[in-house]
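Colleague: Top line first, the protein sequences correspond to chains A and B.
Take 237 as the starting number for the first sequence in the working numbering and just add one per residue.
Take 164 as the starting number for the second sequence in the working numbering and just add one per residue.
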Amino acid sequence: MALSGMRGLSVFISDIRNCQNKEQERLRVDKELGNIRTRFKNEKGLTPYEKKKYVWKMLYIHMLGYDVDFGHMEAVSLISAPKYPEKQVGYIVTSCLLNENHDFLRLAINTVRNDIIGRNETFQCLALTLVGNIGGREFAESLAPDVQKLLISSSCRPLVRKKAALCLLRLYRKNPDVVNVDGWSDRMAQLLDERDLGVLTSSMSLLVALVSNNHEAYWSCLPKCVKTLERLAKNQDVPQEYTYYGIPSPWLQVKTMRALQYFPTVEDPNTRRSLFEVLQRILMGTDVVKNVNKNNASHAVLFEALALVMHLDAEKEMMSQCVALLGKFISVREPNIRYLGLENMTRMLMVTDVQDIIKRHQAQIITSLKDPDISIRRRALDLLYGMCDVSNAKDIVEELLQYLSTADFAMREELSLKAAILAEKFAPDLSWYVDVILQLIDKAGDFVSDDIWFRVVQFVTNNEDLQPYAALKAREYLDKHAIHETMVKVSAYILGEYGHLLARRPGCSPKEIFSIIHEKLPTVSTSTIPILLSTYAKILMHTQPPDKELQSQIWAIFSKYESCIDAEIQQRAVEYHALSMKGATLMDILSEMPKFPERQSSLIRKAEDAEADTAEQSAIKLRAQQQASNALMVTDQRPAYDTQAVNQPGLVKLPSMSNVERSNAEQGATHANGALTVIDPQLPSTPSPDLLGDLLGPLAIEGPPGTGPQIEPRLASDLESGANADALAIAPVEEQTQTIQPICNIAERFRALCMKDSGVLYEDPYIQIGIKAEWRAHHGRLVLFLGNKNTAPLSSVQALILPPSHLNMELSLVPETIPPRAQVQCPLEVLNLKPSRDLAVLDFSYKFGTHVVDAKLRLPAVFNKFLQPITVSAEEFFPQWRSLSGPPLKLQEVVRGVRPMPLSEMANLFISLRLMVCPGLDPNTNNLVASTTFYSEGTRAMLCLVRIETDPADRTQLRMTVASGDPTLTFELKEFIKEQLVYIPVPSTAPNPVPPPNPISPQALPTSPPTAVSDPGALLAGLL
Amino acid sequence: MIRGVIIMNDQGKPRLIRFYEFQPVEKQQELVRSIYKILCSRAENVSNFVKVDSLFGPDVRLVYKTFATLYFVFIFDNSENELAMLDLMQVFVETLDKCFSNVCELDIVFNFNKVHTILDEIILGGQVLETSSSDVVMAVEDISKLEKNSNSIIPSIPGWQGR
Chain A
237 MALSGMRGLS VFISDIRNCQ NKEQERLRVD KELGNIRTRF KNEKGLTPYE
287 KKKYVWKMLY IHMLGYDVDF GHMEAVSLIS APKYPEKQVG YIVTSCLLNE
337 NHDFLRLAIN TVRNDIIGRN ETFQCLALTL VGNIGGREFA ESLAPDVQKL
387 LISSSCRPLV RKKAALCLLR LYRKNPDVVN VDGWSDRMAQ LLDERDLGVL
437 TSSMSLLVAL VSNNHEAYWS CLPKCVKTLE RLAKNQDVPQ EYTYYGIPSP
487 WLQVKTMRAL QYFPTVEDPN TRRSLFEVLQ RILMGTDVVK NVNKNNASHA
537 VLFEALALVM HLDAEKEMMS QCVALLGKFI SVREPNIRYL GLENMTRMLM
587 VTDVQDIIKR HQAQIITSLK DPDISIRRRA LDLLYGMCDV SNAKDIVEEL
637 LQYLSTADFA MREELSLKAA ILAEKFAPDL SWYVDVILQL IDKAGDFVSD
687 DIWFRVVQFV TNNEDLQPYA ALKAREYLDK HAIHETMVKV SAYILGEYGH
737 LLARRPGCSP KEIFSIIHEK LPTVSTSTIP ILLSTYAKIL MHTQPPDKEL
787 QSQIWAIFSK YESCIDAEIQ QRAVEYHALS MKGATLMDIL SEMPKFPERQ
837 SSLIRKAEDA EADTAEQSAI KLRAQQQASN ALMVTDQRPA YDTQAVNQPG
887 LVKLPSMSNV ERSNAEQGAT HANGALTVID PQLPSTPSPD LLGDLLGPLA
937 IEGPPGTGPQ IEPRLASDLE SGANADALAI APVEEQTQTI QPICNIAERF
987 RALCMKDSGV LYEDPYIQIG IKAEWRAHHG RLVLFLGNKN TAPLSSVQAL
1037 ILPPSHLNME LSLVPETIPP RAQVQCPLEV LNLKPSRDLA VLDFSYKFGT
1087 HVVDAKLRLP AVFNKFLQPI TVSAEEFFPQ WRSLSGPPLK LQEVVRGVRP
1137 MPLSEMANLF ISLRLMVCPG LDPNTNNLVA STTFYSEGTR AMLCLVRIET
1187 DPADRTQLRM TVASGDPTLT FELKEFIKEQ LVYIPVPSTA PNPVPPPNPI
1237 SPQALPTSPP TAVSDPGALL AGLL
Chain B
164 MIRGVIIMND QGKPRLIRFY EFQPVEKQQE LVRSIYKILC SRAENVSNFV
214 KVDSLFGPDV RLVYKTFATL YFVFIFDNSE NELAMLDLMQ VFVETLDKCF
264 SNVCELDIVF NFNKVHTILD EIILGGQVLE TSSSDVVMAV EDISKLEKNS
314 NSIIPSIPGW QGR
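(1) Give the DSSP-derived three-state secondary structure of V1230/A in the structure shown.
(2) Since I believe A680/A is in contact with L658/A (beta carbons under 8 Å), could you give me their beta-carbon distance rounded to a whole number of angstroms?
(3) Quick check on the DSSP output: the alpha helix (DSSP H) that includes G577/A runs from which residue to which?
(4) Shorter than 9 Å from the beta carbon of A231/B to some beta carbon of chain A?
(5) Distance, Cα to Cα, I753/A vs K796/A?
(6) Tell me whether T603/A sits in a helix, a strand or coil according to DSSP, three-state version.
(7) Could you give the first and the last residue of the continuous beta strand (DSSP E) run that contains P475/A?
(8) Once DSSP output is grouped into helix, strand and coil, what is the label at Y772/A?
(9) Kindly list the residues whose CB is nearer than 7 Å to the CB of T779/A, restricted to its own chain and excluding five residues on each side of it in sequence; keep chain order.
(10) Using a Cβ-Cβ cut-off of 6 Å (strictly less than) and excluding sequence neighbours within five positions of W1011/A, which residues of its own chain qualify?
(11) Assuming contact is defined by CB atoms lying nearer than 9 Å, are S1167/A and L1151/A in contact in what I supplied?
(12) Distance, Cα to Cα, D222/B vs G1156/A?
(13) Which residues does DSSP list as the beta-bridge partners of Q1104/A?
(14) Starting from the C-beta of S727/A, find all residues in its chain whose C-beta is less than 6 Å away, skip the five residues before and the five after it, and write them out in chain order.
(15) Between F499/A and chain B, is any beta-carbon pair separated by less than 9 Å?
(16) Distance, Cα to Cα, P500/A vs L458/A?
(17) Given this structure, state the Cα-to-Cα distance separating M584/A from I767/A, to the nearest angstrom.
(18) List the residues that DSSP assigns as beta-bridge partners of P177/B.
(19) Closest Cβ-Cβ distance between T258/B and chain A: below 9 Å?
(20) Does S197/B have its Cβ less than 9 Å from a Cβ in chain A?
(21) Between Y234/B and chain A, is the shortest Cβ-Cβ distance under 9 Å, so that the two count as touching?
(22) Is it right to say V896/A is buried, meaning 16 or more other beta carbons lie within 10 angstroms of its own, or is it exposed?
(23) Grab the span of the alpha helix (DSSP H) containing W668/A for me, first residue to last.
(24) Please work out which residues of its chain come closer than 6 Å, Cβ to Cβ, to K1214/A, disregarding the five sequence neighbours upstream and downstream, and give them in chain order.
(25) So which residues of chain A does L251/B contact, with C-beta pairs closer than 9 Å?
(26) Would you mind stating whether I315/A and K293/A have Cβ atoms separated by less than 9 Å?
(27) Which complete alpha helix (DSSP H) runs does the segment 474 to 561 of chain A hold, if anything under 4 residues is left out?
(28) In terms of alpha-carbon separation, which member of G372/A, L386/A and Q360/A lies closest to I306/B?
(29) Using CA coordinates, which residue listed in W791/A, R517/A, V724/A and E1112/A is at the minimum distance from L757/A?
(30) Per DSSP, which one or two residues make a beta bridge with M309/A?
(31) Report the three-state DSSP secondary structure of M1045/A (helix, strand or coil).
(32) Return no unless some Cβ of chain B is closer than 9 Å to the Cβ of R253/A.
(33) For the putative contact between S295/B and G434/A, defined by C-beta atoms under 8 Å, what is the C-beta separation to the nearest angstrom?
(34) Spatial neighbours of V1274/A within its chain, please: C-beta separation below 8 Å, excluding the five flanking residues on both sides.
(35) Residues of the segment 811 to 831 of chain A in Cβ contact with chain B at a cutoff of 7 Å, in chain order, please.
(36) Answer with yes or no whether the minimum CB distance from Q324/A to chain B is below 9 Å.
Encoded structure:
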């Protein structure tokens, strides 16, 4: 090693190594710190060499874990030393010891800047490294232009430029404004043409950071990324030093594919084809070999390719190939690959249609639960958790329960939580659920949180059929010798409430139940005793006619605890004693607990929160977030770049509502256009409480023991004062108002469904409505999937289609009740009679408890669904174009207020609207020509031609010409395209400019006065 | 982003600690101790990944590798590819091996400052800077030449000089 050593430093390190114990080390360090402090004080006698030596010692001491609270100034001051060695030490130690907000750092900005703009490239490197490591906002503001200059400079060596790229990345993170999007996106694209792979790697990291924030601005980089990937994957022009174990720079390949994952799609067919060729090559050409390093490198690339395929997921064929590969990986010898195989399978679950293929590997995954490596066992658990659904829940949960007995302690908590969640989510029947939770408590009581047993109590309370079964099970567990305290709690609670249902069975008389529960009392802690007291009171209440002996036994217990030091126990004992003296009146007060309000399980909530929290940076997770929960239906939603304001201009007619609905609207209860109505008969005018906050609370259900003391004392005192019996009705928890809010913006969901054929139309805490559609010519077949997310049935379900005049729609029968956790499918046939942009609305309502939810949902049976893209050649196009010579068959309009977009993006938009873009027909490259066929019963198949002339100087306006053989069609198509072009995009980060409609206040269509509704043309004109 | 690089020996003594997000010294020590506790309980022939949610929060990953008496540890978030991080660690170790010819723990102990210099040529601000071990060795050799000439002010190197 050529680096020069320092004797003083070596001696010090030796001394430290020779210390026998921590105490000696501390003494030696203190001595050295004292020495350094003194030397720094009399700086005069200090040579640069000595200064350098002391600063290194400081860093060493810092690494040993001692706080070095002085000498920072000296470290920083070395930065301005004229000679390289001191300067270098100054830079390195400063960036290790100081944080970005340190005051001294500000003092150094000028020196650092001078080094960056100076001509000495070794100094430039040092300065860039410091700024790249700890530069803060102020550095960003004063240095970014200089750093940019170095990065794009053609006279700089790669050594400097690659550092400049990463330095700029840091500054961009500190202040995104330093990279001016307009100017920089072209530069960025140029940087990707770089031949030097070092600079290219750094630039690619920079690109990843930029596109993760704003991919729109960097579309031009996409084809270059694909080119880079091709160059590497085909090993073209890759220098030897960048070939790592025979693999052309795996890092750059990985980074490039990472960058590509931030683009929502690859639209250009040629680029797409090349990309898939490369991906195919990577997927096929990677084998597990002997050399570990080579394996790691080739699989790094392979796993990234998998992630990219998942992201682009269109190619179903490739997808199954991926699952097949992963299936192979999870059983190989190489543990890293097993680990990543399981992890990637878990990610793959986000993608539509592969769950069934993954399920084929269930046995192997279960085997992985017994892998010698805990990291792999954890992955297997995650995967089993993720792939679990109604079809395999029984197998998986039972496997987890079995594993629980042998699992290491580090995993038991997670295991029991996951088993509990799965059992709840996918229980094929509720008695099975009760079995699982009781087994869980029995096997791993220490790891079963209160949430879990509260939840089982809630289920039992809300389902009468379940009560005798649960009571019987609880009774059985009490026969065991040593049972966990949680088991005592849950069985005491259940038997208190429902023990009387067992009365005729042997061993289940009130007395027997009492004595077997009472046996456990000496073994339990103070927190359980109140529950037992409640149980005794309930047993007493259910014993009719009263059993004197039992009564005196229980009263004796109550009086014993009346002087208990624990206030909770004391209060209960006193109150139950007093209440039970009242005889028959007791019946009313201690009758069964009312049903709990249906809420999302706190467990599931927690699990979902944990999943959402982690979605920060990874592209794949970002996608996962955009996708709806797969509890009922997995969908493939379009990324949010085509989101839209709720009130898009050019709003189209909605079918008129019936009179009843109108009167509702006048009362301020209903309003249309995707907004949602909640009619709460109890407290109609109360603003909704913070429902979310409530759900996010640590417990989503009121724990049964908790409600006791809150309600009962009040009742007791009411009773004493002789209050009238009406006041005695147990205060129903349902009285709290709950406004049911849709999950995610309905307008966005609708908008997404206009572009694709399956997805979620509507979701709230109780129901999810999914849609799958097939379109053939002027026919359409939609299937509505109505999924009840709850454990109680949804009743009074009504789905009414309000078709516009141009659509014949026929919805098959919708059942009035949706059973708990069930999904029903309702096919809907659509026939398109004539061209129109009017919308069909689904008026959907159901009742849950006392709430009536009524949602008016626009259905994605929209204009473009009846289009079929068609390619026309110049020979076909021009005669047609000429023959349709003018209005009303050919309409022309100058459209202003167009959302500015490059022509390529406009072409993509057209393709997604099912208009075929025909390149080459128009010689002017600023123009775009498209063709499509429209189908309706009236027009049959009719060819439509579109020409867009854009103005490169002003992208906000264009001239549009639309021609077809039917005047209405021409008009409607023109308006339709216009709507797509002019909408005001909602920036993804900015808040929605339109406040979400208040669910209670009366509101008509937000954008249109009633007169305008009937005339879309006038409406549009008004808006433009 | 790479959050940190740690080298420690099989006794848990740190040999190099480099965090790319500021961590106070006590926190650094605590992390080193916790990581050591996890690593020393791992058997041979298992994967190079461990779960560190409890230390760093979700989405942060850790890969490690043992070389003779040393643990090399990379901590990073999910914007990085796990296996690529292992590759980078291998590049780091191979570079150390070239610079110290058959590197051993003592080389790293007594030349911790040089290890810092080498690492700075491989990772910058938590991002991969250079993956070609020979390029790193070249850069480090240039630096040591400059260090030796500490008595003379360095003439600036002409900008056009390519590799």
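The beta-carbon is built from N, C-alpha and C at its ideal position, and this holds for glycine as well.
None of these values were measured; they are calculated from a predicted model.
Modeller: By the coordinates alone:
(1) Walking along the first sequence from the start, residue 1230/A turns up at place 994. Note that V1230/A has pLDDT 43, beneath the 50 cutoff, so the model's placement of it is unreliable and the number below is only indicative. Here V1230/A sits in coil by DSSP.
(2) Indexing the first sequence from 1 puts residue 658/A at position 422. Indexing the first sequence from 1 puts residue 680/A at position 444. At roughly 15 Å, the Cβ-Cβ gap does not stay under 8 Å, so L658/A and A680/A are not in contact.
(3) In the first sequence, residue 577/A corresponds to position 341, counting from 1. Segment P571 to M584, the alpha helix (DSSP H) holding G577/A.
(4) As a position in the second sequence, residue 231/B is number 68, starting the count at 1. No, no contact with chain A.
(5) Taking the first sequence and counting its residues from 1, one reaches residue 753/A at position 517. Taking the first sequence and counting its residues from 1, one reaches residue 796/A at position 560. Spanning the two alpha carbons is a distance of roughly 17 Å.
(6) As a first step, residue 603/A is located in the first sequence; it is residue number 367 there, counting from the start. Residue state, collapsed to three classes: helix.
(7) Position 239 of the first sequence, counted from the start, is the residue given in the question as residue 475/A. Per DSSP, P475/A belongs to no beta strand (DSSP E) and is neither H nor E.
(8) Here residue 772/A refers to the residue found at position 536 when the first sequence is read from its first residue. Helix.
(9) Counting from one through the first sequence, the residue named residue 779/A turns up at place 543. Within the same chain, T779/A has close Cβ partners P746 and L786.
(10) Locating residue 1011/A in the first sequence gives position 775, where the first residue counts as 1. Here the set comprises K1101.
(11) Within the first sequence, residue 1167/A is the residue found at index 931, counting from 1. Within the first sequence, residue 1151/A is the residue found at index 915, counting from 1. Yes. Within cutoff.
(12) Position 59 of the second sequence, counting from 1, holds the residue named residue 222/B. Position 920 of the first sequence, counting from 1, holds the residue named residue 1156/A. Their Cα atoms are separated by approximately 48 Å.
(13) Within the first sequence, numbered from 1, the residue matching residue 1104/A stands at position 868. T1169/A, per the DSSP bridge assignment.
(14) Here residue 727/A refers to the residue found at position 491 when the first sequence is read from its first residue. So the list reads A710, Y713 and L714, once near-sequence residues are dropped.
(15) Locating residue 499/A in the first sequence gives position 263, where the first residue counts as 1. Not an interface residue.
(16) Taking the first sequence and counting its residues from 1, the one referred to as residue 500/A is at position 264. Taking the first sequence and counting its residues from 1, the one referred to as residue 458/A is at position 222. Distance between the alpha carbons of P500/A and L458/A: 11 Å.
(17) Position 348 of the first sequence, counted from the first residue, corresponds to residue 584/A. Position 531 of the first sequence, counted from the first residue, corresponds to residue 767/A. Rounded to the nearest angstrom, the two C-alpha atoms are 45 Å apart.
(18) Walking along the second sequence from the start, residue 177/B turns up at place 14. Answer is M171/B, bridged to P177/B.
(19) Locating residue 258/B in the second sequence gives position 95, where the first residue counts as 1. By this cut-off, T258/B is not an interface position.
(20) In the second sequence, counting from the first residue as 1, residue 197/B sits at position 34. Output row for S197/B: interface = no.
(21) Counted from its first residue, the second sequence places residue 234/B at position 71. So, not an interface residue.
(22) Against the first sequence, residue 896/A aligns to sequence position 660. Note that V896/A scores a pLDDT of 40, beneath 50, so its modelled location is shaky; the value from the coordinates is reported in the next line. By the neighbour-count rule (16 or more Cβ atoms within 10 Å), V896/A is not buried but exposed.
(23) The residue labelled residue 668/A in the question sits at position 432 within the first sequence. L666 to A680 is the span of the alpha helix (DSSP H), which, as asked, contains W668/A.
(24) What you label residue 1214/A is simply residue 978 of the first sequence in a count that begins at 1. The residues are V1131.
(25) By 1-based counting over the second sequence, the position of residue 251/B is 88. Correct list: W487.
(26) By one-based count along the first sequence, residue 315/A stands at place 79. By one-based count along the first sequence, residue 293/A stands at place 57. Against a cut-off of 9 Å, the Cβ pair of K293/A and I315/A comes out as no contact.
(27) 486 to 496, 505 to 520 and 528 to 548
(28) Residue numbering aside, residue 306/B sits at position 143 when the second sequence is read from its first letter. Residue Q360/A is the option with its Cα nearest to I306/B.
(29) Here residue 757/A corresponds to residue number 521 of the first sequence, with the count starting at 1. When each option's Cα is compared against that of L757/A, the closest is V724/A.
(30) By 1-based counting over the first sequence, the position of residue 309/A is 73. In the DSSP output, where bridge partners are listed per residue, M309/A has none listed.
(31) Residue 1045/A sits at position 809 when you count from the first residue of the first sequence. It is a strand residue.
(32) Your numbering for residue 253/A matches position 17 in the first sequence. True, the Cβ-Cβ gap to chain B drops below 9 Å.
(33) Within the second sequence, numbered from 1, the residue matching residue 295/B stands at position 132. Within the first sequence, numbered from 1, the residue matching residue 434/A stands at position 198. Contact flag correct, Cβ pair sits at about 7 Å.
(34) The displayed coordinates of chain A run from 237 to 1260. Any statement about residue 1274/A would go beyond what the structure contains.
(35) none
(36) Looking up residue 324/A in the first sequence gives position 88. It does; some Cβ of chain B falls within 9 Å.
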